[in-house]
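**Student:**
Written out as structure tokens, the structure is:
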């Protein structure tokens with residue numbers, strides 16, 4: 009059972025996105041213990057799309073699908089340049105506070121919290137697609 | 126939604142969701158605090174990297190002035206996020222009871 013919905017490229021869309029994820033968790037019977045982690049991953053990826061892919065007004069499509077023991081989420085961004093989130097550099101979280109900067113923590117957290125993160129890009133359609141999977145076994 | 130304000134014992138109480146949409150509200154409030162400040166996170170359900178940025182910026186400012194930000198009532202999910210972010214080395218954290 010897959011559900012999807014598109015959202016405008018704005019931070020103001022976050023409440024509607026969280027309504028969508030929590031609504032689908034309830035409708036599809038997905039374990040609510042995974043919701044905060046999924047919300048975090050979706051927020052980080054969505055806000056990156058809003059911040060860094062500024063040359064388009066295309067809406068971002070978010071799909072959510074219950075899988076055995078967990079959930080799969082897909083974010084599709086249209087008319088954008090490629091940016092492979094799986095290859096972004098890690099943050100050194102052991103630096104002293106004077107050298108710490110907030111940037112980059114989102115992707116760092118996603119890689120630690122998700123069971124898997126996949127990235128696909130279509131040159132022909134200029135379409136980025138990120139697929140996240142998370143199960144309770146990996147929690 | 127996010128609710129942040131002064132608690133009955135003089136500390137700061139934060140409740141709800143500290144996401145990218147709510148981070149400016151939290152930052153504007155925390156920019157006004159001084160000294161050693163306790164942030165009661167008992168009602169904080171969710172934090173993203175935007176919220177972590179708010180806490181980091183506040184901690185840097187307070188430490189530079191001889192104060193600090195203490196986090197109390199931190200639930201298991203938030204403890205995981207703070208741990209993966211290295212924030213457990215930057216903040217005094219008291220877990221939720």
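Residue numbers (my numbering), protein chains in the order written: chain A, 9 to 147; chain B, 126 to 222.
Cβ coordinates follow ideal geometry from the N, Cα and C atoms, glycine included.
These numbers come from a predicted model, not from an experiment.
Measure the C-alpha to C-alpha separation of residue 203/B and residue 27/A and round it to an integer number of angstroms.
**Tutor:** Their backbone Cα atoms lie some 21 Å apart in a straight line.
**Student:** Could you check whether residue 200/B and residue 221/B sit closer than 8 Å to each other, using their CB atoms as the reference points?
**Tutor:** Cβ atoms of residue 221/B and residue 200/B: closer than 8 Å.
**Student:** Determine the DSSP secondary structure at residue 58/A, reduced to helix, strand or coil.
**Tutor:** Residue 58/A: helix per DSSP, three-state reduction.
**Student:** Can you find a C-beta in chain A that's less than 8 Å from the C-beta of residue 211/B?
**Tutor:** So, interface residue.
**Student:** Examine chain A for any beta-carbon lying closer than 8 Å to the beta-carbon of residue 178/B, and answer yes or no.
**Tutor:** Cβ-Cβ to chain A under 8 Å: yes for residue 178/B.
**Student:** Measure the C-alpha to C-alpha separation of residue 60/A and residue 24/A and round it to an integer number of angstroms.
**Tutor:** Looking at the two C-alpha atoms, the distance is approximately 21 Å.
**Student:** If we ignore side chains and look at the alpha-carbon of each, how far apart do residue 76/A and residue 192/B end up?
**Tutor:** Going from the Cα of residue 76/A to the Cα of residue 192/B covers about 48 Å.
**Student:** Between the stretch 144-158 of chain B and chain A, which residues of the former have CB atoms less than 7 Å from a CB of the latter, in chain order?
**Tutor:** Within the stretch 144-158 of chain B, the residues whose Cβ lies closer than 7 Å to some Cβ of chain A are 144, 145, 146, listed in chain order.
**Student:** If you drop the 5 nearest sequence neighbours on each side, which residues of the same chain put their C-beta closer than 6 Å to that of residue 140/B?
**Tutor:** Within the same chain, residue 140/B has close Cβ partners 128, 168.
**Student:** Could you give the DSSP three-state label for residue 128/A: helix, strand or coil?
**Tutor:** Residue 128/A falls in the strand class under three-state DSSP.
**Student:** Check the Cβ-Cβ distances between residue 185/B and every residue of chain A, and say whether any is below 8 Å.
**Tutor:** Cβ-Cβ to chain A under 8 Å: yes for residue 185/B.
**Student:** Between residue 136/A and residue 85/A, which are expected to be in contact by the criterion C-beta below 8 Å, what is the C-beta distance as a whole number of angstroms?
**Tutor:** Right, their Cβ atoms sit about 4 Å apart.
**Student:** So if DSSP puts residue 136/A in a beta bridge, which residue, or which two residues, is it bridged to?
**Tutor:** Its beta-bridge partners are 85/A, 129/A.
**Student:** State buried or exposed for residue 56/A, treating a residue as buried only when at least 16 other CB atoms are found within 10 Å of its CB.
**Tutor:** The residue in question, residue 56/A, is buried, as its Cβ has 16 or more Cβ neighbours within 10 Å.
**Student:** Hey, is residue 206/B's beta-carbon within less than 8 Å of any beta-carbon in chain A?
**Tutor:** With 8 Å as the cut-off, residue 206/B counts as an interface residue toward chain A.
**Student:** Please report the residue range of the alpha helix (DSSP H) in which residue 27/A lies.
**Tutor:** Segment 22-36, the alpha helix (DSSP H) holding residue 27/A.
**Student:** Pull out every residue of the stretch 188-207 of chain B whose Cβ sits closer than 7 Å to any Cβ of chain A, in chain order.
**Tutor:** Within the stretch 188-207 of chain B, the qualifying residues are 188, 202, 206.
**Student:** Could you confirm whether any beta carbon from chain A is found closer than 8 Å to the beta carbon of residue 127/B?
**Tutor:** So, not an interface residue.
**Student:** Assuming residue 39/A and residue 171/B are in contact, meaning their beta carbons sit under 8 Å apart, how far apart are those beta carbons, in whole angstroms?
**Tutor:** Contact doesn't hold; Cβ gap of about 17 Å is too wide.
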